[in-house]
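Chains as they are written, first to last, in this note's numbering: chain Y, 1 to 117; chain X, 1001 to 1115. Quick reminder that beta carbons are idealized off the backbone N, C-alpha and C, glycines included. The structure displayed is predicted, hence computed values, not measured ones.
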């Protein structure tokens, strides 16, 4: 059974610093990995999706890397801003095993990030 | 942009009531999902649907049922609400398996309280 872990559960850093969020998973036979952001009381916003054949994806100040063999992904946030404060979730999708694929996402419990002005 | 909407942001119901949570997506996605999110447990899949009138159980289907009569709409039904169903409910949609990413797009969530 796939298990996804995000450590630490909470992180506070001063504004302007670069930071790294971690995600680890137990089954390396993943199809892709998706990073989400969730603001308090709100839904999830997709940030980046990395296919299993990719090593990293970038969007603005965000860079996500994937090391399938070690079961790890990181989300790098450059020059952090107070608006980056949110909970960050990673989710993995196993490789499709049928015509309908394996649609199930397995989520980590998230890292709550606070950027201190 | 993909838009996934949910009928209510906040809902308060009494134990034993029948509760309907509605989700609508406007991007002609084949797949739709219902999750619940609880502190310390993360997001857990309740049901998903890969086509009209088709459904599959997720990890925690007990106490729930779903309905998908039209492609754009996926309903979650609590036949007899209980206090342990107090939670944040999130709907999501994605394109069908022939697409390469299956990227899921989420709605804003419904905070359900059962008293």
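- Shown here, residue 83(Y) sits in a helix according to DSSP, grouped into three states.
- Rounded to whole angstroms, the separation of the alpha carbons of residue 67(Y) and residue 20(Y) is 15 Å.
- Those residues of the region 11-40 of chain Y placed with their C-beta closer than 8 Å to a C-beta in chain X are 31, 32, 34, 36, ordered along the chain.
- One Cα belongs to residue 1049(X), the other to residue 1034(X), and the distance between them is close to 9 Å.
- Neighbours of residue 1107(X) in chain Y, taken as residues whose beta carbon is under 8 Å from its own, are 43 in chain order.
- Within 10 angstroms of the beta-carbon of residue 1081(X) lie 16 or more other beta-carbons, which makes it buried.
- The C-beta distance from residue 44(Y) to residue 64(Y) rounds to 15 Å, too long to meet the 8 Å contact threshold.
- In this structure, the straight-line span from the alpha carbon of residue 58(Y) to that of residue 1013(X) is close to 43 Å.
- Residue 1060(X) and residue 73(Y) have their C-alpha atoms spaced approximately 27 Å apart.
- Taking the Cα of residue 1076(X) as reference, the smallest distance to any Cα among 1019(X), 1058(X), 1043(X) is reached at 1019(X).
- For residue 55(Y), there is no enclosing beta strand (DSSP E), as DSSP marks it with neither H nor E.
- In the three-state reduction of the DSSP assignment, residue 1085(X) falls in the helix class.
- At a cut-off of 8 Å between beta-carbon atoms, residue 1068(X) makes no contact with chain Y.
- The distance from the Cβ of residue 50(Y) to that of residue 94(Y) is about 14 Å, inconsistent with a contact at the 8 Å cut-off.
- Closer than 8 Å to the CB of residue 1111(X) there is at least one CB belonging to chain Y.
- Closest by C-alpha distance to residue 1041(X), out of 113(Y), 107(Y), 80(Y), is 107(Y).
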